[in-house]
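Chains as they are written, first to last, in my numbering: chain Y, 83 to 250; chain H, 83 to 250; chain Z, 1016 to 1515; chain P, 1016 to 1515.
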Amino acid sequence: MKMKRVVNGCAMDVEWREDSGSQQFVVQREGASAAPPLQSADVQEVEPGIYSVLVEGRSYDVRVEHAHYGDFVQVGPWRVRLEAPVRRGGSAAAAATGPAKVLSKMPGRVVKMLVSEGDAVTEGQGLLVLEAMKMQNELTAPRAGTVRGLAVQEGDVVAAGAMLCRVE
Amino acid sequence: MKMKRVVNGCAMDVEWREDSGSQQFVVQREGASAAPPLQSADVQEVEPGIYSVLVEGRSYDVRVEHAHYGDFVQVGPWRVRLEAPVRRGGSAAAAATGPAKVLSKMPGRVVKMLVSEGDAVTEGQGLLVLEAMKMQNELTAPRAGTVRGLAVQEGDVVAAGAMLCRVE
Amino acid sequence: MFTKVLVANRGEIAVRVMRALKEFGIASVAVYSDVDRGALHVRMADEAVAIGPADSRESYLNIPRVVDAALRTGAQAVHPGYGFLSENAAFAQACVDAGLVFIGPSPDSIRSMGSKTAARAIARDAGVPTVPGAAGAVTSLEEALAVAAAVGYPVLLKAAAGGGGKGMRLVESPAEMEAALRDAAGEAERAFHDGRVYIEKAVLRPRHIEIQVLGDQYGNLIHLGERECSLQRRHQKVIEECPSPLMREYPELRQQMGEAALRAARAAGYYNAGTVEFLVDEQRNFYFLEMNTRLQVEHPVTEWVTGLDLVHEQLRIASGERLTLRQEDVRWHGASLECRIYAEDPENHFFPSPGRITRLERPAGPGVRVDSGVYLGWTIPMEYDPLIAKLSVHAATRELAIARMRSALEEYSVDGVKTTIGFFHHILQDEEFVAGRLHTGFLADYFARRELPPTPREIEDVAALVGAMEASRGGPASGASAPTQVRSLWKERGRLRSFR
Amino acid sequence: MFTKVLVANRGEIAVRVMRALKEFGIASVAVYSDVDRGALHVRMADEAVAIGPADSRESYLNIPRVVDAALRTGAQAVHPGYGFLSENAAFAQACVDAGLVFIGPSPDSIRSMGSKTAARAIARDAGVPTVPGAAGAVTSLEEALAVAAAVGYPVLLKAAAGGGGKGMRLVESPAEMEAALRDAAGEAERAFHDGRVYIEKAVLRPRHIEIQVLGDQYGNLIHLGERECSLQRRHQKVIEECPSPLMREYPELRQQMGEAALRAARAAGYYNAGTVEFLVDEQRNFYFLEMNTRLQVEHPVTEWVTGLDLVHEQLRIASGERLTLRQEDVRWHGASLECRIYAEDPENHFFPSPGRITRLERPAGPGVRVDSGVYLGWTIPMEYDPLIAKLSVHAATRELAIARMRSALEEYSVDGVKTTIGFFHHILQDEEFVAGRLHTGFLADYFARRELPPTPREIEDVAALVGAMEASRGGPASGASAPTQVRSLWKERGRLRSFR
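As structure tokens, this is what we get:
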């Protein structure tokens, strides 16, 4: 099997084959010129999403977390961010220039609106204040533009990742 | 809803109705003449198979276990055996007189056969020796009769609940 | 001893108190708000009473409802935990008036120590050093400027009624005073319904060290030594320890500060468990800061090193027993640390991260203690404090305690919410921390200077392999690119091997 | 200190040793058999080496494979845990010969204490009382009958080479001797490949009390007090505690037995951690039983009361450090109990119950320690010891420790295998146990006399309700009878209410 993964922001090609129970695998970092070593791994899923991995005798306890704030692989004390590869020319590039979505980073209650639909805002200007767990957080405009599609009002409870408005 | 349950060997009729979030319920023991009290319960499944139950203000942490050795309800420190009601004239009655199955009570390895197919045995006579976790256990004939359908031999590994033979 | 006690709290502290009640054979009554119906403290209690909606002003802070719950269930006493109503003199008084024992000090002690200005006056009169500053709350900008000029800048503005960093502002020059005063008063008003603010000289790079005291209702008072709580973010403690690294160098300080704490507590007529907080400057001068008239979050580190159970002691004292322990019986063994595991994102200004716990594994083994208020599958509500659990350890030395804590943090995993677990793991490897050079600005410095070690290549390789294997099976993190897009690495390496 | 250590064991003790290694910054190497590939000790290790099939004779008991694993991974030392090769002098010798440090006593000490007859002779020569009996193994029925007649019936037959109750038989009259001798020798042969058996006078209703000793390689030896291990089934300990309830009444006994243990250990040239086991009769005479030349399963209770970490001490001693602790530094605080949580059915002669753990919740909080070798989802193999975990507690008094243990047992839940959790919960409510009237026949008496309290009606009601609700949703325990079969209880009670 072959697969591209983005690990801690670095694209990697992973190739592995089953070899009588254990896996032979190679990981090539994008842009790296040196040939990566062929390694032998024994990967056991001991619980759903939890793996015991032996690589050349070294033992790693690996735990995959899929959460609303992203996908992570915890390898012992190391926390590694995992992403699927972004298609070239896809939304990542568009996001920098197109309308910016303002998403809630956490579940919370909207305790104060600082702008109204159609307001012009500068980058970094406060849009609204969310409160969760006795802490208030001001969400700011990711770019200059006009507030559109304002989806919340004071007192609303929003989920993590909820769209609050766009700045166009 | 109404349902029959056998709790610690005692058949009980349970009836309950949803009443704005909490349950009104009645439990009648089979053969009891006194009218059972109507009680109010708030039953919340906090995790699959784990319930927080409030009955008239008293809090019970309830945990249902379904295992190969039976169904149990753990209520705080109390462990209660739970069975579905046996149909009248069903297999329970038949078991006392018909062929008796000899089942393995635990996973283990057959370390010694004490009888052969077709042997006549008396009640309590040793049939075979199972070993698990460094402990040997002799399985005995539940009744007098003839050994039939012997399904294992020395060295076999058997699962809990596996049919080992019948005594007819 | 009591036969039934209501615990007027939630989360880990309610669970911790209920464990002690059970050990004493005392029935426990939980109170809960609508979002806490399935909370661990409700599940652990013998009885539970609903007291209102999620908003704590309508439930956990609602005095009549809590008192009513105690009376209706026949509880003889109320344990307030920490936070919520624990330092509310009106609540303590309401309990007493209703014939309930308040498991804590007298309403009078709470009242006198609850006002920071009054507490400072009590301490000063008892001969306990305090930070130079105004005797009472300032009433005008002019007065504030005059006091600041007299004690010298920088100065701190503090809420007279509160704690936890709310209403606190550092003022470095007269020009900043007006805005700071307005902000501090506003925040204090919102947090404590009391906008009064007082001024103190700002102690630079101070340690925050507190003394645990314990007293019975017959005037016997002892101290159980110190806890160093200098590691704070937003004036909230995150790591606490005993002994303080300072006491290792200057052991006489424990006795000096202990005696000062006892003078302050005695002046307030204090009984039950309480904590006297001090600032300690770089010359090891210590200044009375405030008294917390309740059990502290971080009491486990004192329990580890003294071998005492503070909630057991609280129950004995509240039921009228005399202290059997004398000051000379108190001994300190080894070293203990506590990390507060919060549902917060330490990489993003400790942003709260409420949500559902989808996986939970807790550390165990020798010298490891977890005080937790959550369980697998529980949704941490957004309405309350983000404390998930307190992880504390004990070992022979501070070095071993740090090593034990690091191991325990590695064993700890909570999925579904962000936590401070990884943050602590980094902190405990920090040279300054390991050297014990602590002060309340430590974390700000740390974030500015820290360089996280790069993830080793072998770790990334393992992560990439597992991530790829999971994605290839259509796991949640798939979005796999088509196999043809990836070049064969075997071919490139010219290592075409035959695989069985 | 070492930089890499191989742990020649599995289960909870391998995990416990690895935790200590990590705290010392030492890399750990696990060994595992085929069925243990996913075991917790493999997951926790830094490196792991497969050493053979499930049958422990081909893996965990295979000396060349274990030594080879240590050499190949570059480990400098081997920790044997308990059981398996831990008391095998040939293994200790093989380690030494391969240039590896064996973390334990010298091969010579193991050898001399490994033979029970030789150990008894050493003890006797050192002035430590032993149970009257034959000086060596008996070689004929005639000799056995003569010895038994000399010391008086009842007598005990014991395997010269082994422990753990294997090859042990009580003989109450000459008529029973022949069969008992044959059985004991056969069992000893199978268990230890050594059929030799010796005879001792049977001490009636004895307590089993052992003394923990600790010595360095320079002749310094101290004892860490006793553990009472009288609660046994099939000669296997199930509950251990410190202090022994006997020592509360007769505190001088600790010193007397401690000194006797040190004499025996000194005579064997003993170093590292070891345990001297005694029988104590009803007149408080104590008799040397045997010496266990390794860490004991129940070492946590000693760690709780002394505040020491025995594995840390083992590592220090093995690496050549001197004991820094003197006898007068050892102090005992509070009381500790340990319950061994086995995958067994206590209601059915402690039948083993291997299987997959489908749900797991472990107790936590102050004074609670869990040493576990399993995890949620792990299938406990049928090939090894059924010990799942050791639950130990510490509190100020034995009464509070018992209460704390009961609470902890209530918090503990393991589904998918039967366990001894509920059994312990009952035992800890037993009057005789609470009174501390312990002896090695306690459990046999207990099973004969105990009357389990009937399940309260309210508990059955709740169980019936939850069971019925679950079944009504088609849960696994359904097999629901048709609704029409059940009479309406509302109608019968004449309480037709209107429900919204």
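C-beta atoms are modelled at their ideal positions from N, C-alpha and C, and glycine is treated no differently. All values reported here derive from a predicted model rather than from experimental measurement.
Between the C-alpha atoms of residue 1174 of chain Z and residue 1216 of chain Z, what's the straight-line distance to the nearest angstrom?
14 Å
Report the rounded CA-to-CA distance for residue 89 of chain Y versus residue 1393 of chain Z, giving the unit in angstroms.
30 Å
Quick one, which residues of the segment 113-147 of chain H are near chain Z if we go by CB-CB under 7 Å, in chain order?
126, 128, 129, 134, 136, 139, 140, 141 and 143
If we cut at 7 Å on Cβ distances, does residue 234 of chain H have a partner in chain P?
no
Which of helix, strand or coil does DSSP assign to residue 95 of chain Y?
strand
Figure out for me which residue from Z/1243, Z/1309 and Z/1063 has the closest Cα to the Cα of residue 1122 of chain Z.
Z/1309
Bridge partners - residue 154 of chain H, DSSP secondary structure assignment
H/147 and H/163
Mind checking whether the beta-carbon of residue 1413 of chain P lies closer than 6 Å to any heavy atom of the ligand SAH?
Here there are no bound small molecules, and the ligand SAH is not part of this structure.
Can you tell me which of Z/1317, Z/1082, Z/1337 and Z/1387 puts its alpha carbon nearest to the alpha carbon of residue 1348 of chain Z?
Z/1317
Under 7 Å, do residue 1268 of chain Z and residue 1218 of chain Z count as touching if we go by C-beta distance?
no
Residue 1411 of chain Z: contacting residues in chain P (beta-carbon distance under 9 Å)
1322, 1323, 1324 and 1327
Using only the alpha-carbon positions, how far apart do residue 102 of chain Y and residue 124 of chain Y sit?
10 Å
Closest residue to residue 1201 of chain P among P/1212, P/1329 and P/1469 (Cα-Cα distance):
P/1212
Have a look at residue 1494 of chain Z and residue 1475 of chain Z and give me their C-alpha separation to the nearest angstrom.
Note that residue 1494 of chain Z scores a pLDDT of 41, beneath 50, so its modelled location is shaky; the value from the coordinates is reported in the next line. Computed Cα separation, rounded: 19 Å.
Just tell me which of H/92, H/143 and H/121 has its CA closest to the CA of residue 131 of chain H.
H/143
Going by the beta-carbon positions, is the gap between residue 1233 of chain P and residue 1337 of chain P smaller than 7 Å?
yes
With distances taken between CB atoms, is the gap from residue 1280 of chain P to residue 1116 of chain P smaller than 7 Å?
no
Note the first and the last residue of the continuous alpha helix (DSSP H) segment covering residue 1457 of chain P.
1457-1464
Scan the segment 1382-1394 of chain P for residues whose Cβ lies nearer than 9 Å to a Cβ of chain C and list them as they occur along the chain.
This model lacks chain C altogether; the protein chains it does include are Y, H, Z and P.
In the DSSP assignment, find the unbroken alpha helix (DSSP H) run with residue 1056 of chain Z in it and report its ends.
1055-1059
Between which two residues does the alpha helix (DSSP H) carrying residue 1123 of chain Z extend?
1122-1129
Count the other CB atoms within 10 Å of the CB of residue 1074 of chain P; is the residue buried (16 or more) or exposed (fewer)?
buried
Chain Y partners of residue 1250 of chain Z, CB-CB under 8 Å?
Within chain Y, no residue comes near residue 1250 of chain Z; the closest Cβ sits about 13 Å away, beyond 8 Å.
Once the 5 residues before and after residue 1188 of chain P are set aside, which same chain residues still bring their CB inside 7 Å of it?
1168
Which residues in chain Y sit within 7 Å of residue 1062 of chain P, going by Cβ to Cβ distance?
139, 140 and 141
Three-state secondary structure (DSSP) at residue 1111 of chain P?
helix
Cα-Cα separation, residue 1260 of chain Z to residue 1451 of chain Z:
5 Å
When the Cβ atoms of the segment 228-241 of chain H are set against those of the segment 1018-1033 of chain Z, are three or more pairs found closer than 8 Å?
no
Three-state secondary structure (DSSP) of residue 1440 of chain P:
helix
9 Å Cβ cut-off: residues of chain Z touching residue 1415 of chain P:
1038, 1039, 1324 and 1327
One or two residues paired with residue 1048 of chain Z in a DSSP bridge:
Z/1067
Scan the segment 1428-1444 of chain P for residues whose Cβ lies nearer than 7 Å to a Cβ of chain H and list them as they occur along the chain.
1428, 1430, 1431, 1433, 1437 and 1440
To the nearest angstrom, how far is the alpha carbon of residue 1461 of chain Z from that of residue 1177 of chain P?
57 Å
Nearest CA to the CA of residue 1210 of chain P: which residue from P/1183, P/1360 and P/1190?
P/1183
Start and end of the alpha helix (DSSP H) containing residue 1521 of chain Z?
Residue 1521 of chain Z lies beyond the stretch modelled for chain Z, which goes from 1016 to 1515, so this question has no answer here.
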